Amino acid sequence: MTSPAPPLVEMIGIEKHFGGVHAVNGVSLKLFPGEIVGVLGHNGAGKSCLMRILSGAMLPTGGEIRIRGKTVSFDSPNDARDLGIETIYQTLALADHLDAPANLFLGREIKTRFGNLDDARMLSEARKVLATLNPNFRNLTDPVLSLSGGQRQVIAIARAIYFDVKVLIMDEPTAALGPSETAMVADLVRRLKAQGIGILLVSHDMHDVFELCDRVVVMNKGNLVGEHDIEDVTKDDILSLIIKGELPLDWTPRSAEMAQ
Amino acid sequence: MTEATQAGGGETAGALKFSADTFHRLTALMTLALLIVVFAFGNAAFLSVNNGLTVLLQTSVIGLLGIGMTMVIITGGIDLSVGSVLALSGVITGLSVKAGLPVIPAMMLGVVTGALCGAFNGFVITRMRITPFVATLGMMLIARGLALQLTGAAPVSGLGEPFGILGNGSLFRVVELRENGFPRVVFPGIPYPVILLVIVAAAAAYLLRRRQLGRHIYATGSNEEAARLAGVLVDRTKIMAYVMSGALAGLAGNVLMSRLVTAQPSEGVMYELDAIAAAVIGGASLMGGVGGISGTMIGAFIIGILRNGLNMAGVSAFIQQIVIGFVVIGAVWIDQLRNRN
Chain S
1 MTSPAPPLVE
11 MIGIEKHFGG
21 VHAVNGVSLK
31 LFPGEIVGVL
41 GHNGAGKSCL
51 MRILSGAMLP
61 TGGEIRIRGK
71 TVSFDSPNDA
81 RDLGIETIYQ
91 TLALADHLDA
101 PANLFLGREI
111 KTRFGNLDDA
121 RMLSEARKVL
131 ATLNPNFRNL
141 TDPVLSLSGG
151 QRQVIAIARA
161 IYFDVKVLIM
171 DEPTAALGPS
181 ETAMVADLVR
191 RLKAQGIGIL
201 LVSHDMHDVF
211 ELCDRVVVMN
221 KGNLVGEHDI
231 EDVTKDDILS
241 LIIKGELPLD
251 WTPRSAEMAQ
Chain X
1001 MTEATQAGGG
1011 ETAGALKFSA
1021 DTFHRLTALM
1031 TLALLIVVFA
1041 FGNAAFLSVN
1051 NGLTVLLQTS
1061 VIGLLGIGMT
1071 MVIITGGIDL
1081 SVGSVLALSG
1091 VITGLSVKAG
1101 LPVIPAMMLG
1111 VVTGALCGAF
1121 NGFVITRMRI
1131 TPFVATLGMM
1141 LIARGLALQL
1151 TGAAPVSGLG
1161 EPFGILGNGS
1171 LFRVVELREN
1181 GFPRVVFPGI
1191 PYPVILLVIV
1201 AAAAAYLLRR
1211 RQLGRHIYAT
1221 GSNEEAARLA
1231 GVLVDRTKIM
1241 AYVMSGALAG
1251 LAGNVLMSRL
1261 VTAQPSEGVM
1271 YELDAIAAAV
1281 IGGASLMGGV
1291 GGISGTMIGA
1301 FIIGILRNGL
1311 NMAGVSAFIQ
1321 QIVIGFVVIG
1331 AVWIDQLRNR
1341 N
């Protein structure tokens, strides 16, 4: 079970306080290469906060982050991205008036020798990566404002996987999607896992979680209340953790139960 | 199948959006053409080369301010200080010339003054987190007060001929001496301010469309949080926009004071509103993320031609204000019709 290599991501005793409010309270978690970890909890349980800290969008009040065993500190999203940590935000975080290639390369624009924007190359690269996600994506030069929710989601995903991604944080990646697109995202997640990418999946969808995740961590009121291999728990166990912050009284690891 | 339909739907919406965008620019251009035709019928002198150059000259100051304003408006901000900064920069240049500095370094000093005012705006907005409206309102008072204090509210005159070249000189001026000894102006030449406007407009359009900073200006105005998460240095981008707006206000101040060959601390009152009007008529959205230099130029010329034509028709300055006020409202109304789904 334990890998000899240091974990891809190790968060140790992460704290985030807003005034007197403890949004994240001494949370530790590990993520290994090729592993999918579900991060679950109520709205406001602190999971988005924790993910924003890992993606460099928020500074922790305390605690330590290690990437492949090395302690790092992120002052901006760029620092995290430089280490291969990419995030797909629930809000998709797209600039509505820009087109798909401009959004895909936002902050990391391809430039010509003279420092001009190389729009032709960005368009052709965007066409390539978007085609692998959705072959019907053709209106690349429209502002993303006029695109469907699914297409916007595809752009947000493409932005994360186009670059050299090692750790992928997905915050409700299928919230805006229809059934066929959700299946496409599930396929993609499995493909990335096979490439050895570590994935943190924030989701409310139990179906997704049980289908994709190797492990789940559950947060409640800023605390980490449970960390289990997916075989050890049922949906009811997880719901109990999410709602009450503890497992059912008679809980024993389900895999041990099965072995008996 | 579902995806195909959705993609198709998106494409249609996109095509409509594109044509609506072009539509706005076309309406603005047609308004401009219509104004020219109407005024040409109203007064034969309106369509003369001389009057055309006058309009160009008069529009160059509003055009320069409008370009800076457009960049700020695209970031989702506003710069109310440009009129006052224009006056302060002109006064600084004037006083420097008076103090013995040659004209070109003095003018550079004026532009730098404008840039510093812009940097102060940017600092107050990004570091002190004060809304652009309030921050630049403060700068509007500060810069005007400084200009008046430095000059004792009196115009600085006697600045010498070289100071007037930028505002009054022109390129390709052809003058022939007639037999009776009087000169005859064959072609009055292209005024320097107009050439300056063309160069600045081209540079600004290049910056906005082809450079990373321009892309980040649009991204910041379109969705600031998204831009920040994507790694755009949002604060730096905003500061740059205000610095450029301030520097262009300084440049416009030099052009205007040079034209008058006097540094007037009370010049440029309400110019910021003309600049905002030019950007908005040209399709810039005060919500940010939308706007362009070509549109602002059309907007500036609509205002310039309206003023000039109404002047020539003998319409009072008060009525002109009323007309321009309605034009601004009309332009924004058309824009909203375009954006309403």
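Protein chains in written order, with my numbering: chain S, 1 to 260; chain X, 1001 to 1341. The C-beta atom is built at its ideal place from N, Cα and C for all residues, glycine as well. The model shown is predicted, which means the values in this text are computed figures rather than measured ones.
Which same chain residues, not among the five before or five after residue i, have their C-beta less than 6 Å away from its C-beta?
i, result
"F74 (chain S)", "G56, A80"
"P1155 (chain X)", "T1262, Q1264"
"M219 (chain S)", "G41, A45, G46, K47"
"T1012 (chain X)", "For T1012 (chain X), the pLDDT reaches just 41, beneath the cut-off of 50, and the residue's location in the model is therefore unreliable, although a value from the coordinates is still provided. Counting only Cβ-Cβ distances below 6 Å, and skipping sequence neighbours, we find nothing."
"G1066 (chain X)", "A1275, A1278, A1279, T1296, A1300"
Using a C-beta cutoff of 8 Å, does residue i count as contacting chain S?
i, result
"I1149 (chain X)", "Note that residue 1149 (chain X) is Gln in the sequence shown here, rather than Ile. Cβ-Cβ to chain S under 8 Å: no for Q1149 (chain X)."
"R1230 (chain X)", "Strictly speaking, residue 1230 (chain X) in this sequence is Ala, with Arg absent from that position. Yes, A1230 (chain X) lies at the interface with chain S (some Cβ there is under 8 Å from its Cβ)."
"V1290 (chain X)", "yes"
"S1222 (chain X)", "yes"
"Y1218 (chain X)", "yes"
"Q1336 (chain X)", "no"
"R1215 (chain X)", "yes"
"Q1058 (chain X)", "no"
"R1127 (chain X)", "no"
"A1226 (chain X)", "yes"
Going by C-alpha to C-alpha distance, which of the options sits closest to residue i?
i, options, result
"F1077 (chain X)", "X:A1040, X:N1223, X:V1103", "Phe is not the amino acid found at residue 1077 (chain X); the sequence shown has Gly there. The option with the nearest alpha carbon to G1077 (chain X) is X:N1223."
"L101 (chain S)", "S:R113, S:T87, S:A120", "Checking the sequence shown, residue 101 (chain S) turns out to be Pro, not Leu. Nearest of S:R113, S:T87, S:A120 to P101 (chain S), Cα basis: S:A120."
"I110 (chain S)", "S:S124, S:L98, S:H97", "S:S124"
"I230 (chain S)", "S:G38, S:R108, S:E10, S:N25", "S:G38"
"E1272 (chain X)", "X:A1205, X:G1288, X:V1085", "X:V1085"
"L1095 (chain X)", "X:H1216, X:V1315, X:L1148", "X:L1148"
"A1106 (chain X)", "X:T1075, X:M1069, X:P1162, X:V1055", "X:P1162"
"C1117 (chain X)", "X:V1082, X:G1181, X:R1129", "X:V1082"
"M122 (chain S)", "S:P143, S:D99, S:F114, S:L133", "S:D99"
"R68 (chain S)", "S:K166, S:V21, S:D214", "S:K166"
"G1325 (chain X)", "X:A1275, X:A1087, X:G1291, X:Y1206", "X:A1275"
"N1043 (chain X)", "X:M1128, X:G1167, X:N1308, X:S1266", "X:N1308"
"A1241 (chain X)", "X:M1069, X:F1023, X:G1189, X:V1103", "X:M1069"
"G20 (chain S)", "S:D232, S:G222, S:G245", "S:G222"
"W1333 (chain X)", "X:A1313, X:A1300, X:V1280, X:G1288", "X:V1280"
"F1187 (chain X)", "X:V1175, X:F1301, X:V1194", "X:V1175"
"F1123 (chain X)", "X:F1133, X:R1236, X:L1248", "X:R1236"
"A1203 (chain X)", "X:Q1336, X:G1152, X:L1248", "X:L1248"
"A1143 (chain X)", "X:S1266, X:F1318, X:I1329, X:L1286", "X:S1266"
"A1227 (chain X)", "X:N1121, X:G1288, X:A1153", "X:G1288"
For residue i, I'd like the list of residues in its chain whose CB is within less than 8 Å of its CB, leaving aside the five on either flank, ordered along the chain.
i, result
"A131 (chain S)", "F137"
"G1292 (chain X)", "T1070, A1205, L1208, G1282, G1283, A1284"
Please decide whether residue i counts as near chain X, where near means a Cβ-Cβ distance under 8 Å.
i, result
"S73 (chain S)", "no"
"S48 (chain S)", "no"
"G107 (chain S)", "yes"
"A95 (chain S)", "yes"
"S203 (chain S)", "no"
"L168 (chain S)", "no"
"Y89 (chain S)", "yes"
"K221 (chain S)", "no"
"L98 (chain S)", "yes"
"K111 (chain S)", "yes"
"M1 (chain S)", "A caution first: M1 (chain S) carries a pLDDT of 48, below 50, which makes its placement in the model unreliable, though a value can still be read off. No, M1 (chain S) lies away from the interface with chain X (no Cβ there is under 8 Å from its Cβ)."
"S124 (chain S)", "no"
"N78 (chain S)", "yes"
"L117 (chain S)", "yes"
"R81 (chain S)", "yes"
Start and end of the beta strand (DSSP E) containing residue i?
i, result
"E64 (chain S)", "62-67"
"S28 (chain S)", "21-31"
"F137 (chain S)", "Counting along the chain, F137 (chain S) falls outside any beta strand (DSSP E), and DSSP gives it neither H nor E."
"G198 (chain S)", "198-202"
"H17 (chain S)", "9-18"
Counting only the same chain and skipping the five closest in sequence on each side, list residues whose C-beta sits under 7 Å from that of residue i.
i, result
"G1295 (chain X)", "R1025, A1028, G1282, G1283, A1284"
"I1036 (chain X)", "I1305"
"E64 (chain S)", "I12, G13, T71"
"G1110 (chain X)", "S1089, G1090, I1092, T1093, G1250, G1253, N1254"
"Q1006 (chain X)", "Annotation note: pLDDT 38 at Q1006 (chain X) (below 50); position unreliable, coordinate value reported separately. Taken in chain order, the list of residues that qualify is empty."
For residue i, write down the residues that DSSP places opposite it in a beta bridge.
i, result
"L117 (chain S)", "S:K111"
"T71 (chain S)", "S:R66"
"N223 (chain S)", "S:N220"
"E86 (chain S)", "S:L168"
What residue range is occupied by the uninterrupted alpha helix (DSSP H) comprising residue i?
i, result
"G149 (chain S)", "149-162"
"M1270 (chain X)", "Segment: none, M1270 (chain X) is in no alpha helix (DSSP H) and carries neither H nor E."
"L40 (chain S)", "Taken as a continuous stretch (DSSP letters only), L40 (chain S) belongs to no alpha helix (DSSP H), being part of the beta strand (DSSP E) at 36-41."
Is residue i near the ligand GDP - that is, is its Cβ less than 7 Å away from at least one heavy atom of it?
i, result
"A1203 (chain X)", "Looking for the ligand GDP in the displayed structure turns up nothing, as the structure carries no ligands at all."
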